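J.: Let me give you the structure first, and then I'll get to my questions.
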Amino acid sequence: MPRIAVVGAGPAGTSFVLHALRAGVDPSDLVLLDRARFPRPKLCGGALTWRGTELIREIAPELVPHERARMETTHLRFRCDLGDFEVREGGGQWLYDRAHLDARLLELVRDAGVEVREGTAIKGVEAGTDSVQVRTRGTERFDWVVGADGARGVVARSVGLAPGIVGRLVEAVYEPTDADPNPRELIFDFDPIRDGIPGYAWIFPYPKPEVAGQANTGTHAGLYKLGIMDGRGVAAGEDLRAWTDAFAERNGYRRVDTKLAGWPEHYYSHRTRAHVPGVLLTGEAWGIDPLLGEGIAPSIEISRYAAGRLKEALDAGVRTIPRYEKTFRKTEPGQNLRFQERLADLLYGKSPDRWLKVLFSHRRMLELAAAGTEAYGRLEKHTWMLTRSYAWQLLTGNL
């Protein structure tokens, strides 16, 4: 009988299971549950940073970069009315059809001998003194429940783990009319900040080769995903949809989808609790990148940490993980998420125009962006150098 129920079969849940198996958890002790049946539609820009691709390569080397449902870009482009600059990582960024990628990761879990229950909606979770009760069509007890069920997951709500900031995104598929886009770049446009929306807009190539498009590039000819992220969840959905259509028109795109779809995102906060006895959170249920909403890379890193800590608890025969959140904050992924949280607080906070200007004129930041040696979301190690450079530019009147 399974001892551990993992709720949510997206990348957070599947990577948790795969890392737990690597840590020595027996496949028969695990069950993975999700209300959906895979492959299922997944609202997402579909872009993986270089770091995200490398993290998937660690757990599923056969998926990267050989899957048919993908294409590669060479760089990110940050832009607004103040200017633009390229962000070049240590490697390319891969775009996936998330329905396909998530289903393939789930296949790996099933192939490893783990029980997978698709089409199983979780109605509630109740943590007791010696077990955790999970309600689906019936009731089942487990030693542990892992919440990998996303931004508004049932697990966290059921056990009283309050979320941090929940943002809102909308997106749709567009075709260029007057635009001449570069399919090898990912555009991040910060003009929403100028209009009072704490976030950014994006223009990404649309990776759906199994429907149409070029087999050798893995993308539709001429189709793109455009959307907007409200990183504080303060704008109404209809306002975000209207802004996105206007943004598309300004940039020479016409919507081909019948409507703009929307979804929530839950961002990491160093204050968020992610564990009670017998229950722990991972992935977006705990929180993802607060700056640009990167989800897969943080989810996999959190799941690797969570799987290791749960194995320690199993070996010790305990149902409480000491300093679960605090210890994560001391890890490299935790420190980088905290760095992203600080940047988001500045850029989406009380003086966004000031910090937007800093972003586009900070000399050392621009040098790092162009170097091709760094990875998005892993700049915490440069905190002192970036702070010193910022202070020098202020003192010399160049910022």
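The opening residue of the sequence shown carries number 44 in my numbering; numbering runs sequentially from there. Don't be surprised by glycine CBs; every beta carbon is placed ideally from N, CA and C. If you're wondering where the values come from, they're calculated on a predicted model, not measured in any experiment.
What would DSSP say about R297, mapped onto helix, strand or coil?
T.: strand
J.: Could you have a look at L198 and say whether DSSP puts it in helix, strand or coil?
T.: For the record, residue 198 in the displayed sequence is Val; it is not Leu. Helix at V198.
J.: So is E355 buried or exposed if we call it buried at 16+ other beta carbons inside 10 Å?
T.: exposed
J.: Can you give me the C-alpha to C-alpha distance between Y310 and W329, rounded to a whole angstrom?
T.: 8 Å
J.: What did DSSP end up calling F59 once you bin it into helix, strand or coil?
T.: helix
J.: Between F371 and the rest of its own chain, which residues show a CB-CB distance below 6 Å, the 5 nearest in sequence each way excluded?
T.: When the five nearest sequence neighbours on each side are left out, the beta carbons in the same chain lying within less than 6 Å of the beta carbon of F371 are those of Y348, G377, in order along the chain.
J.: Let me know the secondary structure DSSP gives K400 once reduced to three states.
T.: In this structure, K400 counts as helix in the three-state DSSP scheme.
J.: Which runs of the alpha helix (DSSP H) at least 4 residues long sit entirely within the stretch 133-163? Give them in chain order.
T.: 141-154
J.: Taking the C-alpha atoms as reference points, what is the distance between E228 and F247?
T.: 7 Å
J.: Measuring only the C-alpha atoms, how far is A164 from L76?
T.: 8 Å
J.: So G377 is in the alpha helix (DSSP H); what residue range does that whole segment cover?
T.: 375-390
J.: I believe V198 touches V213 by the beta-carbon criterion, under 8 Å. Please report the beta-carbon distance rounded to the nearest angstrom.
T.: Not quite, the Cβ-Cβ distance comes to about 26 Å (not below 8 Å), so this is no contact.
J.: Would you mind sorting R397 into buried or exposed? The rule is 16 or more other CB atoms within 10 Å of its CB.
T.: exposed
J.: By the 10 Å Cβ neighbour count, where 16 or more other Cβ atoms means buried, how is E375 classified, buried or exposed?
T.: Label assigned to E375: exposed.
J.: Can R184 be considered in contact with the ligand GDP, in the sense that its beta carbon sits closer than 8 Å to one or more heavy atoms?
T.: The ligand GDP is not part of the structure shown, which contains no ligands of any sort.
J.: Quick check: G88 and W245, are their CB atoms within less than 9 Å of each other?
T.: It is a contact, given that the beta carbons lie within the stated cut-off.
J.: So, are the CB atoms of S394 and F59 less than 9 Å apart?
T.: no
J.: Whole-angstrom Cβ separation of M272 and G336, contact assumed at under 8 Å?
T.: 5 Å
J.: For R352, does the three-state DSSP call read helix, strand or coil?
T.: helix
J.: Who does T116 pair with in a DSSP beta bridge?
T.: Q136
J.: Use the C-beta contact count for N441: other C-beta atoms within 10 angstroms, 16 or more gives buried, fewer gives exposed.
T.: Answer is exposed; the Cβ neighbour count stays below 16.
J.: Taking the alpha-carbon of V319 as reference, which of V209, A359, D186 has the nearest alpha-carbon?
T.: D186
J.: Just to confirm, is the Cβ distance from D145 to V216 under 9 Å?
T.: No; because the gap between Cβ atoms is not below 9 Å, this pair is not in contact.
J.: Just curious, the alpha helix (DSSP H) that A95 is in, first and last residue?
T.: Contrary to the premise, residue 95 reads as Gly rather than Ala in this sequence. Run containing G95: 93-102, per the alpha helix (DSSP H) assignment.
J.: To the nearest angstrom, how far is it from the Cα of V107 to the Cα of P84?
T.: Distance between the alpha carbons of V107 and P84: 21 Å.
J.: Check whether the stretch 143-160 and the stretch 97-106 touch, using three or more Cβ-Cβ pairs below 8 Å as the test.
T.: yes
J.: Based on the DSSP secondary-structure assignment, which residues constitute the bridge partners of H309?
T.: V209
J.: Please determine, among Y296, L98, G274, the residue with the shortest C-alpha to C-alpha distance to P341.
T.: L98
J.: Does the separation of the CB atoms of D127 and R237 fall below 9 Å?
T.: No, the Cβ-Cβ distance between D127 and R237 is not below 9 Å.
J.: Mapping the DSSP letters down to three states, classify Y433 as helix, strand or coil.
T.: helix
J.: For M428, count neighbouring C-beta atoms within 10 Å of its own C-beta (all shown protein chains included) and say buried if the count is 16 or more, exposed if not.
T.: exposed
J.: Could you tell me which residues DSSP pairs with G167 in its beta bridges?
T.: Beta-bridge pairing links G167 to R178.
J.: At which residues does the alpha helix (DSSP H) containing P235 begin and terminate?
T.: 234-237
J.: Locate the beta strand (DSSP E) running through A244, then write down its first and last residues.
T.: 242-248
J.: Give the straight-line distance between the Cα atoms of L437 and R407, rounded to the nearest whole angstrom.
T.: 13 Å
J.: Taking the alpha helix (DSSP H) that E105 belongs to, which residues open and close that run?
T.: Segment: none, E105 is in no alpha helix (DSSP H) and carries neither H nor E.
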